[in-house]
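Numbering (the numbering used here), first residue to last: 53 to 442.
This is the structure:
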């Protein structure tokens, strides 16, 4: 089969690789009908996340048709069924899965000893996302092996198109969880840093959950336009002070809820702290650039909540923890517990409350994938979200 394969920093190729096979009785094989490039794939493209190996297949936003099932799937999936595959691989049986904390499944990471050394405890296995999270082949390919397939799937109605449901695999529940973690009240201002795909989903989630006003911060015109179309007030951080504008919008009190949809690669360049981060990163003294996190802590209203769906990979420096503690801020983080939210989100899509396909700007085949990684990373050609049809 053909697949998008990692060969090193900024080196993704469309290669011919062996077809996946059933390796365990709870496995299934799906024929991929649609997949996507995620913002967190760019952390691998630029090699800011450790644990990638030459030959790894990329991708964790995938859906398709079941073509083969192991005997241990026990009827939970059948050949011909149409499914979305969450980026988190879940056993459904461990203590964390039983509590709905699927992204920290205790059994699905086959390299749990490595994850435990890095994080203190293992987290779930993830598709196409480094050997820290299991080294599983990703879904930017013609076929995908799904471990624990009896639990790691989302069945979708035939009435909905691939593009309406594909993002149930990651960005839609990620934006939704980010907003839910804020415990939004009708009097709240919700400020969202980053108007990429997750930020766009967070904007619409915060609106659906009844925020008084939603503010989105970015510098890319196309992204800001899309956020405004979703109901957000926008701030172009390259043109005005984020802190001054947020204080103006909140009568000097600051937003009650803040969402970091940017993560480890903040692209602010004109501030002292961002220049400091780039210098330390170049000298390999710091892994992540946490400008957004610092700004959120500073501007968030005392006793407010900070929600972090943006991915961080390692060590951060100069975090104003004294401000966070003295202001009494609540911080909620984590990879997304996808299956906790999907029944509700499928219903909302089916009822017309939300159509996640609005975020798609580019549709390509696998052979165009390597070039689209560059286009997406460099934010060229108005690129916000790429869907690939193998």
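Don't be surprised by glycine CBs; every beta carbon is placed ideally from N, CA and C. As the structure is a prediction and not an experimental result, all values here were calculated from the model.
Item: Cα separation between residue 142 and residue 113?; Value: 15 Å
Item: I'd like the list of long-range same chain contacts for residue 207, defined as Cβ closer than 7 Å, with 5 residues on each side in sequence excluded.; Value: 133, 135
Item: Would you grab the beta carbon distance between residue 82 and residue 125 for me? Rounded to a whole angstrom, and I think it's under 8 Å.; Value: Going by Cβ atoms, the distance from residue 82 to residue 125 rounds to 12 Å, so no, they are not a contact pair.
Item: Which partner residues of residue 270 appear in the DSSP bridge assignment?; Value: 288
Item: Exposed or buried, residue 373, counting other C-beta atoms within 10 Å across all chains shown (16 or more means buried)?; Value: exposed
Item: At which residue ranges does the segment 104-148 contain complete beta strand (DSSP E) runs of 3 or more residues, listed in the order of the chain?; Value: 113-121, 134-137
Item: Using DSSP with H/G/I as helix, E/B as strand and the rest coil, what is residue 243?; Value: strand
Item: Could you tell me the distance, in whole angstroms, from the CA atom of residue 186 to the CA atom of residue 160?; Value: 8 Å
Item: Provide the residue(s) that pair with residue 313 in DSSP beta bridges, ordered along the chain.; Value: Bridge partners of residue 313: none, in fact.
Item: In whole angstroms, what is the alpha-carbon distance linking residue 284 and residue 316?; Value: 24 Å
Item: Hey, residue 447 and residue 361: beta-carbon distance below 8 Å or not?; Value: Only positions 53 to 442 of the chain appear in this structure, which leaves residue 447 out of reach.
Item: What span of residues does the alpha helix (DSSP H) with residue 298 cover, start to end?; Value: 294-301
Item: Give me, in chain order, the residues of the same chain whose beta-carbon lies closer than 7 Å to that of residue 214; leave out the 5 immediate sequence neighbours on both sides.; Value: 85, 86, 115
Item: Kindly indicate the opening and closing residues of the beta strand (DSSP E) around residue 363.; Value: Segment: none, residue 363 is in no beta strand (DSSP E) and carries neither H nor E.
Item: Could you pull out every residue in the same chain whose Cβ sits closer than 8 Å to the Cβ of residue 312, ignoring the five residues on either side in sequence?; Value: 245, 246, 344, 345, 348, 358, 359, 360, 361, 362
Item: Excluding sequence positions up to five away, which residues of its chain have a Cβ less than 8 Å from the Cβ of residue 59?; Value: 65, 106, 107
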